[in-house]
Amino acid sequence: LSSDSLEEALAVLQHHDGVSGTEQQHVASDYTKRLFLASVESESLINAALAQLITGKSRLAGYVGRLQMVTNEISNNYGHQAIKETGSSSMNFQQCPLSNISYCPPSEADLTGKSLAVIAYNPLGWERKETVRITVSDYKLDVFDSSGNLVPSQIIPVSQTSTKLRERHLRSIQKPIVSDEPLFELLFECSTPPLGYSTYYVKPSQNDSYSAEHSLIEENIQS
Amino acid sequence: HGAHAKSNSVQFTFSSSTGLLERLKRKDGVEVSLEQSFCWYNASDGNTEETRGQASGAYVFRPNTSSCFALGYNVTTSSVKGSLVEEVHQQLTSWVSQVVRVFKDSENAEVEFTVGPIPFEDQLGKEIVTKLSTDLESNGVFYTDSNGRDFIKRVRDYRSDWELEVHEEIAGNYYPVNSGIFLSDNSTDFSILVDRSIGGSSISDGELELMVHRRLLHDDGKGVAEALNETTCLDDSSTCEGLVVRGTFLIDVRPVNESAFWRRNLIQRKLFPLQLVFSVVNDEDGQFN
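As you go down the protein sequences, you meet chains A and B in turn.
The first sequence begins at 9 in the working numbering and counts up one residue at a time.
The second sequence begins at 30 in the working numbering and counts up one residue at a time.
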């Protein structure tokens, strides 16, 4: 684990061309590549840090508010240990940088016999209550907090605009488009402590008494 | 009746005739006429006439007239209602759509816009703008932030440290918006808080505008040597389309004495969103418990 590519990404983000788009296309493509590499590398670091925090094995807890500190700590002191512990507890953490276009393979997974753990990390220094929105492939769902309490939730079909953007993304990375399976957005209330995290579980309902509220949709008010 | 989206504290109403945002009403009685529209400036192509020599390009924003041309839209709307969020989805053209979203306990609306690929078959470069007009009497004054630090007072057609002669009434009044822009009538503040650095202004009293996307056909001669016409290649390199942008901004209307605190709070939430991490676990393992 390292944060080397994060350094290059930060350099791009601080360069006037990277900020404003005043660069030639081939430079923009190079920036894109560097930002992508950094996001992948940073994702691994954060996942490893969270795995340590959640298993209670880490001395990193006091530093979690600062990405740079966490990444440095892991890469300098705990890197190999983090990989080992993450692997041994079979926790496979993933993030969704494209959740803004409703594209999130881990949260869209078939949850039969399984649960989706959603860990929300709050980088701000105050308690925060917000509504989390994730893409799911089922609509009969329950959401629980880490104490096992049912959490209010709501289901919305993924919009046509988002579906088009998903398909555009899949075409750009040359992945097959599976368009016959409906997708939904699951929203639920999330409360996180300052500079801390909360864990929620999304479970498919065993019967038809699921708690996720289905939205009322009024279509086609044409003007 | 037009669509509406409401929370416990605020209601946004949409026109039944245009399908566009029309009014905002707060629980505390504050009611503001709030109309939204999308339009585009025709980018100057930099012809050789003396007065129009400079093209609008990557470095330079320079529309060739002060008119902002309305999109020929035929708005299709749909509403989504539930106990956590209410949304109004608007498809304005084949390449412009947005969602106005109001969460149960919030006093503001989140607007998620999707714009592009900008068509240019008419050989006109376009700089796409959304305008939000209120009935607040702002008298030419508005405020934009300075790299996320303090908001600085801007006065239309005016500079505090020299006598300005206005030749570009649009571009000359545009400012960088890094986290937000607002105007005030001394009792109510109308703020827009953004998720990215863009350009913005208040060209008319009571009105704020944001430039959400641009696609240009000419280089501005300032060193890039390419038109601002980036594309994404799909499937293979022979199929390339102009960029699509998706972003969000918050619309917040509050009494003046509350708004500075909430602008700061909302900006920080926007710039530092919750970071979500996922893991699929077998139920029988009880790993996370």
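Just so you know, even glycine gets a beta-carbon here, dropped at the ideal spot from N, CA and C.
Keep in mind that this is a model prediction, so the values were computed, not measured.
Given a cut-off of 9 Å on the beta-carbon distance, is the pair residue i and residue j in contact?
i      : j      : result
S161/A : L119/A : no
Q127/B : V114/B : no
L263/B : R176/A : yes
E150/B : H242/B : no
L279/B : N137/B : yes
Y129/A : G204/A : yes
S230/B : F171/B : yes
S62/B  : D164/B : yes
I225/A : V129/B : no
E189/A : V144/A : no
I147/B : R225/B : no
S223/A : G111/B : yes
L246/B : I221/B : no
Y208/A : S154/A : yes
G250/B : G75/B  : yes
F180/B : D281/B : no
I164/A : E116/B : yes
C104/A : L53/B  : no
A87/B  : G154/B : no
Which of helix, strand or coil does DSSP assign to residue i?
i      : result
L222/B : strand
L237/B : strand
I163/A : strand
S50/A  : helix
A69/A  : Bear in mind that a pLDDT of 46 at A69/A, under 50, signals an unreliable position, so the model cannot answer this.
K299/B : helix
W328/B : Residue 328/B lies beyond the range of chain B shown here (30 to 318); nothing can be said about it.
S96/A  : Only weak support exists for where S96/A lies, its pLDDT of 37 falling under 50; the coordinates are left without a value.
K133/B : coil
K41/A  : helix
V109/B : strand
H118/B : strand
Q76/A  : The pLDDT assigned to Q76/A is 40, lower than 50, so where the model puts this residue is not dependable; a value taken from the coordinates is nonetheless given after this. Here Q76/A sits in helix by DSSP.
K148/A : coil
R7/B   : Residue 7/B lies beyond the stretch modelled for chain B, which goes from 30 to 318, so this question has no answer here.
N327/B : Absent from the model: residue 327/B. The displayed extent of chain B is 30 to 318, so no value can be given.
H222/A : strand
D281/B : strand
D25/A  : helix
N215/A : coil
L173/A : helix
N85/A  : For N85/A, the pLDDT reaches just 35, beneath the cut-off of 50, and the residue's location in the model is therefore unreliable, leaving the point undetermined.
L119/A : coil
L63/B  : strand
Considering only the alpha carbon of each residue, which of the options lies closest to residue i?
i      : options                           : result
E270/B : E31/A, V20/A and S180/A           : S180/A
L45/A  : Q32/A, S10/A and N157/A           : S10/A
V158/B : R185/B, V125/B and V170/B         : V125/B
R275/B : V61/B, V117/B, L63/B and V223/B   : V223/B
T200/A : V35/A, C104/A and L132/A          : L132/A
Y102/B : L303/B, S66/B, L193/B and E259/B  : S66/B
A56/A  : A19/A, Q102/A and E227/A          : Q102/A
I232/B : R185/B, I221/B and F211/B         : R185/B
L158/A : R136/A, D216/A and F196/A         : F196/A
V131/B : G75/B, L305/B, A34/B and P148/B   : A34/B
A254/B : V89/B, H196/B and D179/B          : V89/B
R183/B : Y203/B, G177/B, V195/B and G31/B  : Y203/B
D214/B : V309/B, E166/B, T277/B and A99/B  : E166/B
D174/B : R283/B, N286/B, Y70/B and I296/B  : I296/B
A99/B  : T47/B, E116/B and V117/B          : T47/B
L191/A : K137/A, S107/A, L18/A and P202/A  : S107/A
R292/B : N207/B, G252/B, Q119/B and L303/B : N207/B
V126/A : V151/A, P105/A and K137/A         : V151/A
Q152/B : T105/B, V285/B, A72/B and F290/B  : A72/B
Where DSSP assigns a beta bridge to residue i, which residues make up the other side?
i      : result
P113/A : DSSP, once it has assigned bridges, lists no residue as partnering P113/A.
H242/B : I157/B
W69/B  : F98/B and I157/B
Y172/B : K182/B and F211/B
S11/A  : Answer is none; S11/A lacks a bridge partner.
C262/B : C269/B
K35/B  : Q40/B
*asked:* If the cut-off is 8 Å on Cβ atoms, which residues from the stretch 125 to 146 of chain A count as contacting chain B, listed in chain order?
replied: Those would be A125, V126, I127, A128, Y129, N130, P131, L132, R136, K137, E138, T139, V140 and I142, in chain order.
Under 8 Å (Cβ pairs) to chain B, residues found in the stretch 104 to 122 of chain A: Answer in chain order: C104, S107, N108, I109, C112, P114, S115, A117, L119, G121 and K122.
**Prompt:** Looking at chain B, which residues of the stretch 178 to 208 of chain A have a Cβ within less than 8 Å of any of its Cβ atoms?
**Reply:** Result list: R179, S180, Q182, L195, F196, E197, C198, T200 and T207.
Q. Can you list, in chain order, the residues of the stretch 15 to 38 of chain A whose Cβ is nearer than 8 Å to any Cβ on chain B?
A. Identification of residues in the stretch 15 to 38 of chain A having a C-beta nearer than 8 Å to some C-beta of chain B yields V27, S28, G29, T30, E31, Q32, Q33 and A36, given in sequence order.
* Asked: What are the residues of the stretch 85 to 109 of chain B that lie near chain A, defined by any Cβ-Cβ distance shorter than 8 Å?
  -> From the stretch 85 to 109 of chain B, only A87, Y88, N103, V104, T105, T106, S107, S108 and V109 have a Cβ closer than 8 Å to chain A.
ask   = Which of the residues in the stretch 260 to 271 of chain B, read from start to end, lie with their CB under 9 Å from any CB of chain A?
value = Under the 9 Å Cβ criterion, the stretch 260 to 271 of chain B contributes T260, T261, C262, L263, D264, D265, T268 and E270.
Which of the residues in the stretch 44 to 55 of chain A, read from start to end, lie with their CB under 8 Å from any CB of chain B?
Of all residues in the stretch 44 to 55 of chain A, only I54 and N55 place a beta-carbon less than 8 Å from a beta-carbon of chain B.
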